[in-house]
Amino acid sequence: MFLMLASSAAALAVATPIHSTEIAHASNAYTASYKTQSTVRFHEVEARFANRMSVPVCRWQADMAVNRDVVAQGRPVAAFAKPIHRFAPISGSHAGGCTAARGLIAVEIARHDSARSAAAVFVARQDRAVLVNELDGIHALSVKGAVTGG
């Protein structure tokens, strides 16, 4: 039998952009910046056996995503801000409580994140064409008058 002791999540975002690009489109200047964000979920369980002491186990899963933020004329454009790629999650477990294992888990996640950093930059660079297509779509709607009131 397993007893769940604690479950929590933590988000670790990189403070500096991994890539940024300038786009001139329909007389507007857009700046797209890309950042990685790791989210870690902790789940502590404790095996209960009748004939021995229980030992907690910390199970964890980390997800890494590349997020896009777009700014036009100094203002964020929420319609274009979104995650553009999610890497396959990594997971593991450590004997003992999650509080004690967080340091070891953070080192393991940092190692995986640094291994995926080149791929994250590649994904961010490839997104420029996607963003231009999204801008074209919005511009086409506004020029044709497809969005009308009443």
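FYI, in mature numbering (1 follows the signal peptide of the UniProt record, and there is no 0) the residues of the sequence shown are -26 to -1, 1 to 124.
For every residue, glycine included, the Cβ atom is placed at its ideal position computed from N, Cα and C.
In this text the structure is predicted, and so the values were computed from the model without any measurement.
Short of 6 angstroms in beta carbon distance, which residues of its chain neighbour residue i, apart from the five on each side in sequence? Order them along the chain.
i      : result
S(-20) : Reliability fails at S(-20), whose pLDDT of 49 lies under 50, so the model's placement of it is uncertain and the value that follows must be treated cautiously. Contacts found: H17.
V106   : none
T(-11) : none
P63    : Q35, D37
A94    : I(-9), T10, V40
When the Cα of residue i is compared with those of the options, which residue comes out closest?
i     : options               : result
I83   : A46, D37, R99         : D37
Y4    : S12, A53, V97         : A53
F96   : A80, F61, S65         : F61
L115  : A6, S(-7), A(-1), N25 : A(-1)
S(-7) : D43, Q35, H59, A39    : D43
H86   : G48, A6, Q11          : Q11
I58   : V14, Q35, A6          : A6
E20   : Q47, P30, A(-3), A92  : P30
R49   : R102, A80, D101, N2   : N2
Just grab the DSSP bridge partners of residue i for me.
i   : result
V81 : Paired residues: none, contrary to the question.
S71 : Rather than Ser, the amino acid found at residue 71 in this sequence is Gly. According to DSSP, which records beta bridges pairwise, G71 is partnered with nothing at all.
P50 : V45
Measure the beta-carbon distance from residue i to residue j and round it to whole angstroms, keeping in mind my assumption that it falls under 8 angstroms.
i   : j   : result
C32 : S67 : 6 angstroms
Near residue i, which residues of its chain fall below 7 angstroms by C-beta distance, leaving aside the five closest residues on each side in sequence?
i    : result
V121 : With a pLDDT of 49 at V121, under the threshold of 50, the predicted position of this residue should be treated as unreliable, though the coordinate-derived value follows. Excluding sequence neighbours, V121 sits near L115.
A98  : I(-9), H(-8), Y8, V40
A55  : R42, D43, V44
V104 : none
Near residue i, which residues of its chain fall below 8 angstroms by C-beta distance, leaving aside the five closest residues on each side in sequence?
i   : result
L78 : H68
L25 : In the sequence under discussion, the amino acid at residue 25 is Asn, which differs from the Leu named in the question. No residues qualify anywhere along the chain.
*Touch check for the region 103 to 115 and the region 63 to 78: three-plus C-beta pairs under 8 angstroms?*
no
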